[in-house]
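Taking my numbering, the leading residue of the sequence shown gets 10, the next gets one more, and so forth.
Glycine included, every Cβ here is placed at the ideal spot set by N, Cα and C.
The structure under discussion appears below in the form of structure tokens.
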Amino acid sequence: MKSIPKISEAEWEIMKVIWGNHPVTAEQIVQHLPGSIEWSDQTVRTFITRLLKKKAIGFEKSGRSYLYYPLLSERECVQAESQSFLKRVFGGATNLMVTNFLEEVTLSAQEIEQLERLLQEKKAQGARKDPGTQE
Numbered sequence: 010m011k012s013i014p015k016i017s018e019a020e021w022e023i024m025k026v027i028w029g030n031h032p033v034t035a036e037q038i039v040q041h042l043p044g045s046i047e048w049s050d051q052t053v054r055t056f057i058t059r060l061l062k063k064k065a066i067g068f069e070k071s072g073r074s075y076l077y078y079p080l081l082s083e084r085e086c087v088q089a090e091s092q093s094f095l096k097r098v099f100g101g102a103t104n105l106m107v108t109n110f111l112e113e114v115t116l117s118a119q120e121i122e123q124l125e126r127l128l129q130e131k132k133a134q135g136a137r138k139d140p141g142t143q144e
């Protein structure tokens, strides 16, 4: 697995715009940010520079503009962030994280069914990997 850089909360906002709209200029990034974020053009450019240094995004020159595009997929970044969170908050114990989550939120019947399907799929995958394991 390739190394995924640590992306700050603010940089995630920039990445979300780039993932959804690439290739995109800095001006377009500013326009696509949620209304609750009121960053100056310079602030956005600072985050872009950081993401370029981290090799999370790349660019190509188009006339007088730079077009930015992701070098990492959203899925890769979400997986890396999830693993980091799991290790940092729950010491890597997935069962503690899931238990805590389930105790703290209200789920619809549809969400519960979806989770049950996921758990059944995981159970079936585990049985295929190690047929000698009893569950």
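Residue i classed as buried or exposed, judged by whether at least 16 other C-beta atoms fall within 10 angstroms
{"i": "Pro-43", "result": "exposed"}
{"i": "Val-98", "result": "exposed"}
{"i": "Leu-116", "result": "exposed"}
{"i": "Ile-46", "result": "exposed"}
Boundaries of the alpha helix (DSSP H) in which residue i is found, first to last residue
{"i": "Gly-146", "result": "Residue 146 lies beyond the residue range present for the chain, which begins at 10 and ends at 144; the question has no answer from this structure."}
Coil, strand or helix - residue i by DSSP
{"i": "Glu-69", "result": "strand"}
{"i": "Val-114", "result": "coil"}
For residue j and residue i, believed in contact at Cβ under 8 Å, the rounded distance
{"i": "Ile-27", "j": "Tyr-77", "result": "6 Å"}
{"i": "Val-53", "j": "Ile-38", "result": "6 Å"}
{"i": "Leu-9", "j": "Ile-23", "result": "Nothing about residue 9 can be read from this structure; the chain reaches only from 10 to 144."}
{"i": "Arg-59", "j": "Glu-20", "result": "6 Å"}
Uninterrupted beta strand (DSSP E) stretches inside the region 36-89 (no shorter than 3 residues): Segments of the beta strand (DSSP E) lying fully in the region 36-89: 66-71, 74-79.
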